[in-house]
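Visitor: Before I ask anything, let me first share the structure, which is written out below as structure tokens.
Protein chains in written order, with the numbering used here: chain A, 1 to 332; chain B, 1 to 265.
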């Protein structure tokens with residue numbers, strides 16, 4: 001196992017950022033760490049790196065105790081939140097400084113600059129770099145120790161689409177080489193495309209941990225049907241409901257009917273509509289994306305706002321209750 | 001440890017920082033030399049000390065040690081500059097978030113702190129050398145402009161300058177260590193510099209006014225005593241021991257805070 005935790009907990013005053021987290025992350029591959037804002041992802045990464053001490057619980061990183069990070073620090077590379085460099089120094093000088101700190105040869109700097117596509121820009125001061133270039137440089141810094149474990153917080157932040165694809169393929173190559181790459185991201189399409197394993201946390205609590213396929217098995221298949229005549233929309237919904245189908249209809253009629261059913265039943269549904277004299281202008285089968293599954297699992301809330309509401313509820317139960325009702329109503 | 005020091009030195013190789021640091025040290029050395037030889041009457045006594053400055057009397061300036069007297073007189077200014085740049089170097093790690101990377105790479109935080117101290121001490125060797133050499137060039141010109149004829153300066157100038165170099169360096173090490181400690185604790189260069197300079201120029205002056213018997217042992221007075229090779233009732237040896245104690249307290253406080261703190265920058 002690359003990372004294990006047992007009842008790992010971190011509290012900041014009254015806030016429990018990570019709550020009795022039990023993780024067993026396998027070695028090798030790309031692992032996605034997802035959760036709403038304020039879900040505890042960054043605190044977890046900081047605890048794994050020895051930057052923040054756990055309040056309670058235990059864990060191991062690359063087989064070594066979490067409480068003794070010097071035993072594994074040389075085998076771990078990390079990009080934590082925004083890339084951090086001395087703006088006045090060149091990319092090469094910044095990396096040389098980090099290489100010296102780790103006791104690595106200077107030649108390693110050019111190798112990692114090349115790996116992230118910055119070899120031609122190494123002598124420019126970092127203050128001239130775009131956010132995307134700084135992000136690449138942050139990944140280069142994480143790659144310096146040729147790590148067995150990479151912990152990357154939002155690695156594609158600020159990259160253009162071509163850059164995202166490039167970094168994704170770099171991470172996949174690293175994962176395929178036997179390294180463990182843990183990627184925290186809000187881009188669930190990225191997690192779906194790049195990761196072999198996914199961890200979902202919310203309010204510091206583990207919601208899911210397992211292969212991406214296992215998570216996607218929770219995805220529902222939806223048939224979307226759009227009658228040719230708008231007037232038939234309600235009639236079709238009534239007809240299908242009477243036959244026992246689960247149908248969602250937008251009252252404004254702007255989107256097709258959503259029928260929750262296995263895709264194989266689309267033809268049966270089409271025949272039922274035709275038998276009732278309803279012609280469909282469009283009929284499609286769609287599987288929920290990882291994003292849909294994630295939103296179902298996490299409640300679709302902004303984590304930090306939800307936490308703030310929770311705190312407000314403790315202080316002012318009446319007003320916080322109405323705020324929560326308003327949010328629920330809006331979602332409805 | 002060599003790697004940690006090299007890493008710090010590479011980060012200190014910034015033109016803006018080095019120009020600012022050396023530039024201010026040079027400016028104060030030249031300025032204080034000319035002011036000192038102008039305000040001290042060649043046939044009279046030393047003027048009263050001001051906040052952060054202490055001028056020797058005419059006899060001292062005309063004697064063999066007069067060649068390096070400017071360094072002693074400028075010691076507080078040079079100390080404030082040193083405190084500021086040590087504080088800046090320490091606080092920048094927090095303001096840029098670099099401390100996340102360095103602590104993740106080297107979890108033994110005492111090594112990071114000691115490495116930074118050694119790197120900054122290395123640069124301080126260079127700044128001390130630069131101002132000592134500059135002082136040797138500027139002092140005769142300033143003396144002549146002030147009406148002094150320092151014939152005694154030619155007797156053993158190398159010994160005088162070497163002793164002044166050691167005194168100034170030790171004094172600047174204490175100043176710098178206090179700056180490093182303040183910046184590590186507060187994680188802010190501005191707060192650290194404000195607290196350090198404000199203490200020496202204001203707080204210590206107030207304490208001296210109400211409790212003159214302890215004033216000679218406060219950090220600002222001790223640092224001046226080290227830089228001047230002993231001053232007033234405090235001998236050079238006593239000043240060095242007390243200065244060493246201040247360094248030990250400052251670095252211990254910085255280490256304890258840095259070791260226990262969660263890195264959330």
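The C-beta atom is built at its ideal place from N, Cα and C for all residues, glycine as well. Predicted model, so just to flag it, every value in this text is computed and none were measured.
Excluding the 5 residues flanking residue 272 of chain A on each side, which residues of the same chain have their C-beta closer than 8 angstroms to its C-beta?
Guide: 239, 240 and 243
Visitor: Compute the Euclidean distance between the alpha carbons of residue 93 of chain B and residue 221 of chain A, then round it to the nearest angstrom.
Guide: 50 angstroms
Visitor: Listing by chain order, which chain A residues have their CB less than 7 angstroms from the CB of residue 100 of chain B?
Guide: 51, 80 and 84
Visitor: Using the Cβ count rule (16 or more neighbours within 10 Å means buried), how would you classify residue 12 of chain A?
Guide: exposed
Visitor: Which full runs of the alpha helix (DSSP H) of 4+ residues lie inside the stretch 184-235 of chain A, going along the chain?
Guide: 188-194 and 212-216
Visitor: Please check if any C-beta of chain A sits within less than 8 angstroms of the C-beta of residue 105 of chain B.
Guide: yes
Visitor: Can you give the Cα-Cα distance for residue 22 of chain B and residue 21 of chain A, rounded to whole angstroms?
Guide: If I take the Cα positions, the gap works out to 52 angstroms.
Visitor: For residue 122 of chain B, count the other beta carbons within 10 Å of its own beta carbon; 16 or more makes it buried, fewer makes it exposed. Which is it?
Guide: exposed
Visitor: Quick check: the stretch 82-92 of chain A against the stretch 6-17 of chain B, are there 3 or more CB pairs under 8 angstroms?
Guide: yes
Visitor: Bridge partners of residue 24 of chain A, per DSSP?
Guide: Paired residues: A:4.
Visitor: To the nearest angstrom, report how far apart residue 55 of chain A and residue 261 of chain B are at their CA atoms.
Guide: Using only the alpha carbons, I get a separation of about 13 angstroms.
Visitor: Nearest to residue 74 of chain B by alpha carbon, out of B:187, B:171 and B:248?
Guide: Taking the Cα of residue 74 of chain B as reference, the smallest distance to any Cα among B:187, B:171 and B:248 is reached at B:171.
Visitor: I'd like the list of long-range same chain contacts for residue 251 of chain B, defined as Cβ closer than 8 angstroms, with 5 residues on each side in sequence excluded.
Guide: 113, 117, 177, 180 and 181
Visitor: Along chain A, which residues have their Cβ under 9 angstroms away from the Cβ of residue 7 of chain B?
Guide: 96, 97, 98, 99, 100, 101 and 102
Visitor: Is residue 265 of chain A close to chain B, meaning its C-beta is less than 8 angstroms from at least one C-beta of that chain?
Guide: no
Visitor: How is residue 72 of chain B classed by DSSP in three states: helix, strand or coil?
Guide: Looking at residue 72 of chain B - three-state DSSP - the assignment turns out to be helix.
Visitor: Taking only runs that begin and end inside the stretch 104-152 of chain A, name each unbroken alpha helix (DSSP H) of 4 or more residues, in chain order.
Guide: 107-115 and 131-143
Visitor: Does DSSP put residue 33 of chain A in a helix, in a strand, or in coil?
Guide: strand
Visitor: How is residue 246 of chain A classed by DSSP in three states: helix, strand or coil?
Guide: strand
Visitor: According to a CB-to-CB cut-off of less than 7 angstroms, which residues of the stretch 246-262 of chain B neighbour chain A?
Guide: 262
Visitor: List the residues of chain B that residue 89 of chain A touches, going by C-beta distances under 9 angstroms, in chain order.
Guide: 10, 11, 13 and 14
Visitor: Along chain B, in chain order, which residues have C-beta atoms closer than 8 angstroms to that of residue 73 of chain A?
Guide: 104, 105, 106 and 107
Visitor: Which residues in the same chain have their Cβ closer than 8 angstroms to the Cβ of residue 134 of chain B, if we skip the five residues on either side of it in sequence?
Guide: 26, 29 and 30
Visitor: How long is the line joining the alpha carbons of residue 47 of chain A and residue 253 of chain B, rounded to whole angstroms?
Guide: 24 angstroms
Visitor: What are the start and end residues of the alpha helix (DSSP H) that includes residue 133 of chain B?
Guide: 109-145
Visitor: Please confirm whether residue 15 of chain B and residue 157 of chain B have their CB atoms less than 8 angstroms apart.
Guide: no
Visitor: Tell me, to the nearest whole angstrom, how far the beta carbon of residue 169 of chain B is from that of residue 128 of chain B; I am working on the premise that it is less than 8 angstroms.
Guide: With a beta-carbon spacing of about 4 angstroms, residue 169 of chain B and residue 128 of chain B fall inside the 8 angstroms limit used to define contacts.
Visitor: For residue 248 of chain B, is the classification buried or exposed, using 16 other Cβ atoms within 10 angstroms of its Cβ as the cut-off for buried?
Guide: exposed
Visitor: Between residue 76 of chain A and residue 180 of chain A, what straight-line distance do the alpha-carbon atoms span, to the nearest angstrom?
Guide: 10 angstroms
Visitor: Counting pairs of Cβ atoms below 8 angstroms between the stretch 167-174 of chain A and the stretch 189-202 of chain A, do you hit three or more?
Guide: yes
Visitor: Are there three or more Cβ pairs, one per stretch, closer than 8 angstroms when the stretch 263-277 of chain A is compared with the stretch 154-166 of chain A?
Guide: no
Visitor: Looking at the secondary structure, which residues open and close the alpha helix (DSSP H) in which residue 276 of chain A lies?
Guide: Premise fails: residue 276 of chain A is in no alpha helix (DSSP H) and is neither H nor E.
Visitor: Measure the alpha-carbon distance for residue 268 of chain A versus residue 29 of chain A and round it to whole angstroms.
Guide: 41 angstroms
Visitor: Assuming contact is defined by CB atoms lying nearer than 8 angstroms, are residue 95 of chain A and residue 79 of chain A in contact in what I supplied?
Guide: Judged by their CB atoms, residue 95 of chain A and residue 79 of chain A are not nearer to each other than the 8 angstroms cut-off.
Visitor: Reducing DSSP to helix, strand and coil, say where residue 19 of chain A ends up.
Guide: In the structure shown, residue 19 of chain A adopts extended strand secondary structure according to DSSP, grouped into three states.
Visitor: I need the straight-line Cα distance from residue 184 of chain A to residue 186 of chain B, nearest angstrom please.
Guide: 30 angstroms
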